[in-house]
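Working notes, structure below.
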């Protein structure tokens with residue numbers, strides 16, 4: 001059994017300061033669920049008082065069935081070598097999230113990518129609206145209801161001859177006489 | 191009248207020989223560099239093939255009058271300078287227009303070609319060309335000073351400013367100037383490392399550094415003309431060095447066919463061995479920045495040049 | 506093919522095509538992920554300089570443009586500009602399966618699927634990415650095409666310019682490109 005003492009300590013300290021839910025996923029990974037307005041206080045607490053001085057990444061997950069975006073702020077502490085992931089939920093119809101530019105400078109880049117790819121508004125964010133894509137006027141492309149296959153077929157000329165393309169996995173299993181197991185069948189093309 | 195005819199024919203022959211020798215030396219250098227780097231290289235005649243391909247480009251893009259003139263300046267400067275260098279001493283077929291001040295004259299006419307390229311590059315309006323030209327001219331400030339000091343040392347020692355007199359002094363005493371005034375030779379060789387624009391002083395035309403500097407907007411026929419002008423200039427500098435320091439080639443009075451051919455062979459051997467000095471040094475050196483290269487020239491080459499002048503005055 | 510056609514190439518044309526075949530200046534521009542194979546092709550192990558192939562720094566000096574992999578619409582705008590700056594005769598070699606039919610990114614919102622519609626292509630090299638041996642065999646194929654006289658697509662681009670421009674403007678919405686003097 002691994003020694004998860006440090007991770008449990010961090011979780012207890014954060015939970016004592018704020019009344020939030022969290023758990024230790026495994027060795028060196030702790031996650032904490034926060035509501036939208038407490039994010040910057042938790043991040044400042046982690047950064048200034050607990051030694052989690054590095055923001056590694058801000059990620060976004062599209063839960064289209066529940067109508068929400070989930071934002072994950074990944075922080076890292078070099079002395080204890082633990083990642084603490086702060087997770088929040090934002091409404092999908094009108095997504096507005098707080099700008100944490102003043103805590104870490106690199107959040108500017110991640111938030112501009114969120115604004116372009118998912119359409120999340122960050123009030124007070126400084127930077128060009130065009131970040132990676134040029135002359136883009138459709139809906140933000142990383143949302144799950146943007147059909148990228150149909151868009152590619154509509155815009156770009158497709159060279160004929162791709163319709164009878166074979167799936168590599170299916171072909172090789174058929175050729176060697178094996179069977180794809182049940183849990184892997186949901187990735188099949190047929 | 192037929193004297194004039196022979197002279198004109200000889201002038202054309204000299205130009206063709208300089209062009210062919212310069213381009214072949216470039217090809218041999220590429221082949222040797224490749225072998226040193228453990229690969230096979232292109233053929234020896236690759237520079238000629240490049241020139242043919244560049245001349246057969248169909249469309250020409252130029253940026254105004256000076257853009258047309260820049261390659262023309264280089265070729266004119268190259269051929270004019272070639273006429274003043276004694277290729278084979280006193281041979282009837284290779285005319286050399288000598289007069290009493292021609293060493294000083296050569297010093298400033300060799301810069302003419304770079305001036306033409308600078309004017310043409312300025313016309314294009316590309317900022318890469320402008321930066322490359324300013325770097326090239328600053329490097330020229332670096333290497334011209336030891337070179338001039340070395341030549342001044344020679345002029346003071348032998349009380350003459352004519353190349354022909356220097357060659358005759360070497361023939362009379364039988365000792366090359368390379369051995370009788372070694373500091374001048376060393377200073378001139380170190381200055382010549384900058385003249386040939388090999389590593390480590392190739393920051394002017396470096397392709398990855400600056401989009402190849404002054405030639406960045408020239409393509410097709412203009413680029414081919416510039417390449418051949420560069421080869422003729424390389425031959426000019428090598429022949430000048432051989433005449434000044436290694437005794438020249440060819441006897442004074444023989445003008446038969448076999449004597450001419452023997453003279454050409456001796457000239458080729460001497461120039462090739464002198465050409466290998468910058469090439470060898472270039473194989474093992476990384477590139478200097480502009481201020482590093484000027485600092486390089488202001489240390490040992492300048493010191494050797496001053497010592498050579500003092501040596502010439504004292505002895 | 507009658508013997509008249511075969512012998513109608515003059516000596517000058519023969520020398521021009523021979524010299525174009527044996528001295529190719531490759532534009533030093535890596536457009537996609539296949540550019541990782543170019544340094545290994547040019548250096549000691551799979552020496553490409555023995556064919557006369559050299560790197561050139563600017564489009565004005567180059568003959569061959571290598572499109573090494575996928576092209577986003579952002580890159581396509583710049584590639585078109587570079588291609589129009591090169592001087593005739595010019596060649597394009599397309600690496601990888603992304604230029605043939607979209608490859609791995611066939612359903613992406615940002616990459617084009619078939620390069621032939623936007624600039625004319627001479628030789629395709631398939632693979633993902635092609636190894637240096639495959640790259641060299643692509644250059645040898647280009648040499649054969651030049652010798653057979655089939656590589657005049659630079660002039661065809663100028664003749665069919667409206668068709669190419671229509672295709673290009675369909676995917677590049679904000680068209681802010683100058684006219685070039687050919």
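Protein chains in written order, with our numbering: chain S, 1 to 190; chain Z, 191 to 505; chain D, 506 to 687.
In this text, a Cβ means the ideal position worked out from N, Cα and C, and glycines have one as well.
Source: prediction; values computed, not measured.
According to DSSP, is residue i part of a helix, a strand, or is it coil?
i, result
"residue 221 of chain Z", "helix"
"residue 678 of chain D", "coil"
"residue 182 of chain S", "helix"
"residue 563 of chain D", "coil"
"residue 81 of chain S", "coil"
"residue 509 of chain D", "Model confidence at residue 509 of chain D stands at a pLDDT of 46, short of 50, so the residue's coordinates are unreliable; what they give is reported in the following sentence. Three-state DSSP puts residue 509 of chain D in a helix."
"residue 523 of chain D", "helix"
"residue 76 of chain S", "strand"
"residue 595 of chain D", "coil"
"residue 550 of chain D", "coil"
"residue 460 of chain Z", "helix"
"residue 125 of chain S", "coil"
"residue 290 of chain Z", "coil"
"residue 580 of chain D", "helix"
Give me, in chain order, the residues of the same chain whose beta-carbon lies closer than 6 Å to that of residue i; leave out the 5 immediate sequence neighbours on both sides.
i, result
"residue 599 of chain D", "572, 620, 626, 629"
"residue 585 of chain D", "none"
Leaving aside the five residues before and after residue i along the sequence, list all residues of the same chain whose C-beta is less than 7 Å from its C-beta, in chain order.
i, result
"residue 605 of chain D", "629, 631"
"residue 425 of chain Z", "208, 211, 212"
"residue 557 of chain D", "527, 528, 529"
"residue 436 of chain Z", "366, 368, 460"
"residue 46 of chain S", "52, 75, 84"
"residue 647 of chain D", "596, 598, 627, 628"
"residue 661 of chain D", "625"
"residue 292 of chain Z", "274, 352, 353"
Residues in the same chain with beta-carbon distance under 8 Å from residue i, minus the five sequence neighbours each way, listed in chain order, please.
i, result
"residue 592 of chain D", "565"
"residue 507 of chain D", "A caution first: residue 507 of chain D carries a pLDDT of 42, below 50, which makes its placement in the model too unreliable to give a value."
"residue 41 of chain S", "18"
"residue 602 of chain D", "608, 609, 631, 632, 633"
So residue i contacts chain S; which residues on that side make the cut at Cβ distance below 7 Å?
i, result
"residue 613 of chain D", "148, 152"
Taking the Cβ atom as the reference point for each residue, do residue i and residue j lie within a distance shorter than 9 Å?
i, j, result
"residue 336 of chain Z", "residue 468 of chain Z", "no"
"residue 372 of chain Z", "residue 476 of chain Z", "no"
"residue 260 of chain Z", "residue 310 of chain Z", "yes"
"residue 498 of chain Z", "residue 339 of chain Z", "yes"
"residue 229 of chain Z", "residue 548 of chain D", "yes"
"residue 395 of chain Z", "residue 404 of chain Z", "yes"
"residue 199 of chain Z", "residue 417 of chain Z", "no"
"residue 334 of chain Z", "residue 267 of chain Z", "no"
"residue 155 of chain S", "residue 582 of chain D", "no"
"residue 245 of chain Z", "residue 411 of chain Z", "yes"
"residue 205 of chain Z", "residue 496 of chain Z", "no"
"residue 343 of chain Z", "residue 493 of chain Z", "no"
Which residues in chain D sit within 9 Å of residue i, going by Cβ to Cβ distance?
i, result
"residue 482 of chain Z", "Ordered by position in chain D, no residue passes the 9 Å Cβ test against residue 482 of chain Z, which lies about 22 Å from the chain."
List the residues of chain S whose Cβ lies closer than 8 Å to the Cβ of residue i, in chain order.
i, result
"residue 618 of chain D", "152, 156, 157, 158, 159"
"residue 676 of chain D", "155, 156"
"residue 605 of chain D", "159"
"residue 622 of chain D", "157"
Taking Cβ-Cβ distances shorter than 7 Å, what residues in chain D pair up with residue i?
i, result
"residue 133 of chain S", "615"
"residue 413 of chain Z", "566"
"residue 232 of chain Z", "554, 555, 557"
Could you name the residues of chain Z that residue i contacts, counting a contact when the two beta carbons are closer than 9 Å?
i, result
"residue 520 of chain D", "242, 246"
Report whether the distance from the Cβ of residue i to the nearest heavy atom of the ligand NAP is below 8 Å.
i, result
"residue 667 of chain D", "This structure lacks the ligand NAP, and indeed carries no ligand of any kind."
Could you name the residues of chain D that residue i contacts, counting a contact when the two beta carbons are closer than 8 Å?
i, result
"residue 112 of chain S", "Those within 8 Å of residue 112 of chain S in chain D number zero; the least Cβ separation is about 16 Å."
"residue 172 of chain Z", "Given a span of 191 to 505 for chain Z in the structure shown, any question on residue 172 of chain Z remains unanswerable."
"residue 162 of chain S", "606, 607, 611"
"residue 140 of chain S", "Here the premise fails: no neighbours, minimum Cβ distance about 11 Å."
"residue 224 of chain Z", "552, 554, 555"
"residue 228 of chain Z", "549"
Which residues of chain Z have a Cβ atom closer than 8 Å to the Cβ of residue i, listed in chain order?
i, result
"residue 594 of chain D", "247, 248"
"residue 670 of chain D", "The premise fails here: residue 670 of chain D is roughly 19 Å from chain Z at the closest Cβ pair, so nothing lies under 8 Å."
Quick check on residue i - is its C-beta less than 9 Å from some C-beta in chain C?
i, result
"residue 580 of chain D", "Among the protein chains in the structure shown, which are S, Z and D, there is no chain C."
Using a Cβ cut-off of 9 Å, pull out every chain S residue sitting near residue i, in sequence order please.
i, result
"residue 679 of chain D", "134, 135"
Per the contact definition of three or more C-beta pairs closer than 8 Å, is the segment 147 to 167 of chain S in contact with the segment 120 to 134 of chain S? no
Evaluate the contact criterion for the segment 52 to 71 of chain S versus the segment 104 to 119 of chain S: three or more CB pairs, one atom per stretch, below 8 Å. yes
Cβ contact (3+ pairs, closer than 8 Å) linking the segment 252 to 262 of chain Z and the segment 583 to 597 of chain D: no
Report yes or no: do the segment 78 to 92 of chain S and the segment 3 to 14 of chain S share at least 3 C-beta pairs separated by less than 8 Å? yes
Can we say the segment 342 to 354 of chain Z touches the segment 299 to 306 of chain Z, given the rule of at least three CB pairs closer than 8 Å? no
Taking contact to mean at least 3 C-beta pairs separated by less than 8 Å, is the segment 568 to 584 of chain D in contact with the segment 531 to 545 of chain D? yes
Check whether the segment 102 to 110 of chain S touches the segment 53 to 69 of chain S, taking contact to mean three or more Cβ pairs, one atom from each stretch, closer than 8 Å. yes
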